[in-house]
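Colleague: In the working numbering, the protein residues as written are 817 to 1200.
Even glycine gets a Cβ: it sits at the ideal position worked out from N, Cα and C.
Given the structure is predicted, the values throughout are model-derived calculations rather than measurements.
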Ligand SMILES: Cc1cc2nc3c(=O)[nH]c(=O)nc-3n(C[C@H](O)[C@H](O)[C@H](O)COP(=O)(O)OP(=O)(O)OC[C@H]3O[C@@H](n4cnc5c(N)ncnc54)[C@H](O)[C@@H]3O)c2cc1C
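1) Assuming residue 861 contacts residue 903 (C-beta within less than 8 Å), just tell me the rounded distance between them.
2) Starting from residue 1110, trace the alpha helix (DSSP H) both ways and give me its first and last residue.
3) Is residue 1076 buried or exposed, if buried means 16 or more other CB atoms sit within 10 Å of its CB?
4) If you compare alpha carbons, which of 918, 962 and 881 is closest to residue 1119?
5) Assuming residue 1050 and residue 992 make a contact with CB atoms under 8 Å, what is their CB distance in whole Å?
6) Enumerated in chain order, which unbroken segments of the alpha helix (DSSP H) with a length of 4 residues or greater are wholly contained in the region 1034 to 1084?
7) Just to confirm, are residue 921 and residue 1040 a CB contact at a threshold of 8 Å?
8) Does DSSP put residue 1136 in a helix, in a strand, or in coil?
9) Going by C-alpha distance, which of 939, 960, 1140 and 875 is nearest residue 973?
10) For residue 1035, I'd like the list of residues in its chain whose CB is within less than 7 Å of its CB, leaving aside the five on either flank, ordered along the chain.
11) Quick one: what's got a C-beta closer than 8 Å to residue 1133's C-beta in the same chain, skipping five residues either side?
12) Residues in its own chain within less than 8 Å of residue 1137 by CB, not counting five upstream and five downstream?
13) What did DSSP end up calling residue 1162 once you bin it into helix, strand or coil?
14) Suppose contacts are defined by Cβ-Cβ distances below 8 Å. Is residue 1080 in contact with residue 1059 by that definition?
15) Alpha carbons only, please: which of 1084, 1027 and 986 is nearest the one belonging to residue 1042?
16) Is residue 997 a contact residue of ligand 1, with contact defined as CB to any heavy atom under 7 Å?
17) Report all residues from its chain with a CB closer than 7 Å to the CB of residue 1025; omit the five preceding and five following residues, and keep chain order.
18) Report yes if the C-beta of residue 1061 is less than 7 Å from at least one heavy atom of ligand 1; otherwise report no.
19) Taking just the CA atoms, how far does residue 906 sit from residue 946?
20) Return the residue from the list 925, 980 and 996 that minimises the CA-CA distance to residue 958.
21) Say the cut is 7 Å; is the CB of residue 1179 nearer than that to a heavy atom of ligand 1?
22) Between the region 1079 to 1093 and the region 846 to 858, do three or more beta carbon pairs fall short of 8 Å?
23) Whole angstroms is fine: what's the gap from residue 1115's alpha carbon to residue 885's?
24) With residue 927 as the anchor, note down where its alpha helix (DSSP H) starts and where it stops.
25) Looking at the secondary structure, which residues open and close the alpha helix (DSSP H) in which residue 1175 lies?
26) Look up residue 942 in the DSSP assignment and say whether it is helix, strand or coil.
27) If we count Cβ pairs, one from each stretch, closer than 8 Å, do we get three or more for the region 1099 to 1109 versus the region 1157 to 1170?
28) Going by DSSP, what residues sit across from residue 1001 in a beta bridge?
29) Between 1007, 1153, 1141 and 1181, which has its C-alpha nearest residue 1068's C-alpha?
30) Can you tell me the Cα-Cα spacing of residue 981 and residue 822, whole angstroms?
31) Would you call the CB atoms of residue 910 and residue 865 closer than 8 Å?
Set out below in structure tokens:
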């Protein structure tokens, strides 16, 4: 196991850090306040190669290892979790089309996604199918050279601002997980509408919403992979997605710690900086320990994926531990700032609101614990 990022990884981290601190972090408060989606940073992100992280060079991408990806997402997450989340979803969708798409599909969408011209969204969840993703009901019926989609998708990151939607729909009523098929649907396709936009606790500048399909006709050429392979395609992105969420939430925790540590050294109470009180020192020490441990778990999971070793348990551990830790760290950061932590003049309340969803999406943390227990205990954990 490595203990040090390579020179190249450190260089990439520094470049991304500079961009994120100059172009993203200073705007994050306003974007949150106005629930504003900053489309204008997609192109600069593309110019830096950050919108094609999972796309081969031959298809116009700038592929990076999972470990380098984790380093990148931590930096973007530190500047703004909303941006990091829609960027991670976009990269995942571009990567899926690059991997599972045919020549024509790659030609049509992948290069333009990798450069940041087109934005992607991932549409699996439904009202009754979140953790239980195999239970999707949105239907796709074959009709000649087309499929006709009817139903709704929920919780879609970038709904309404994305150009390309990877939609997982049921093509076979009877076959459970094997009856799901993936489709690429472009915005403005007749019969496809954006429904309600969610009013969320946090992550305000990353729009989340509903998709509505009413007799939406898409050519069979838009099917991604074989009929019935949809869930396999969706789940193939799971380990990487979990590592990314671990990295992003670690970034948010680091941002919260930095604010809290600085504040504690400046804020005076009882005639001295509050950092002089052991109660505050212990809080800060615990926060720092959680961040370091999260980062190492994320790096380890990413490293295992890069090495081609079984990584699912480690990805689940990284996602679960990092997001639980980030929730604790951001909550403690609010505590360190006292009343100032509870108001919007300081960013820590936003970090706390934003990071909560890290424990919920990309597999809720109960689900991660199930994955870990099954990996450790085998059959015993799947009984009952
Ligand atoms: C901001 C945001 C963005 C999202 N973006 C996307 C997106 O881009 N694309 C997409 O497809 N989805 C997206 N989602 C959906 C997300 O993946 C789901 O919310 C998540 O999988 C949980 O599903 P659920 O909300 O239906 O909760 P449920 O599955 O109803 O779970 C509710 C609670 O029950 C627990 N639970 C469920 N099953 C078990 C079990 N077997 N054992 C123990 N506990 C269990 C869960 O852990 C959770 O605490 C997003 C969600 C949010 C909030």
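Modeller: Taking the geometry as given:
1) Indeed, because the Cβ distance is near 7 Å, the residues count as touching under 8 Å.
2) 1094 to 1122 is the extent of the alpha helix (DSSP H) around residue 1110.
3) By the Cβ neighbour-count rule, residue 1076 is buried, with 16 or more other Cβ atoms within 10 Å of its own.
4) Checked all of 918, 962 and 881; the closest Cα to residue 1119 is 881.
5) At roughly 14 Å, the Cβ-Cβ gap does not stay under 8 Å, so residue 1050 and residue 992 are not in contact.
6) Correct list: 1046 to 1051 and 1054 to 1082.
7) Against a cut-off of 8 Å, the Cβ pair of residue 1040 and residue 921 comes out as a contact.
8) Helix at residue 1136.
9) Considering only 939, 960, 1140 and 875, the residue with the shortest C-alpha distance to residue 973 is 939.
10) In the same chain as residue 1035, and ignoring 5 residues on each side of it, the C-beta atoms closer than 7 Å to its own belong to 961 and 962, in chain order.
11) Result list for residue 1133: 1113, 1117, 1184 and 1188, in chain order.
12) Excluding residues within five positions, the ones whose Cβ falls inside 8 Å are 1062, 1109, 1110 and 1113.
13) Residue 1162 falls in the coil class under three-state DSSP.
14) One thing to note: residue 1080 has its Cβ no nearer than 8 Å to the Cβ of residue 1059.
15) Nearest option by C-alpha distance: 986.
16) Residue 997: no, Cβ never under 7 Å from ligand 1.
17) Answer for residue 1025: 972, 975, 976, 1010, 1011, 1012, 1013 and 1014, listed in chain order.
18) No; taking the cut-off as 7 Å, the Cβ of residue 1061 has no heavy atom of ligand 1 nearer than that.
19) Taking C-alpha positions only, residue 946 is separated from residue 906 by approximately 19 Å.
20) Closest option to residue 958, Cα to Cα, is 996.
21) Yes, the beta carbon of residue 1179 sits closer than 7 Å to at least one heavy atom of ligand 1.
22) At 8 Å Cβ cutoff, the stretches do not touch.
23) Answer to the nearest angstrom: the Cα atoms are 10 Å apart.
24) For residue 927, the enclosing alpha helix (DSSP H) begins and ends at 927 to 930.
25) First-last for residue 1175: undefined, no H or E at that position.
26) Strand.
27) By the Cβ test, the region 1099 to 1109 is not in contact with the region 1157 to 1170, since fewer than three Cβ pairs between them sit closer than 8 Å.
28) Answer is 981, bridged to residue 1001.
29) Out of 1007, 1153, 1141 and 1181, 1141 has the C-alpha closest to the C-alpha of residue 1068.
30) Straight across, the Cα-Cα distance linking residue 981 with residue 822 is about 35 Å.
31) Contact: no.
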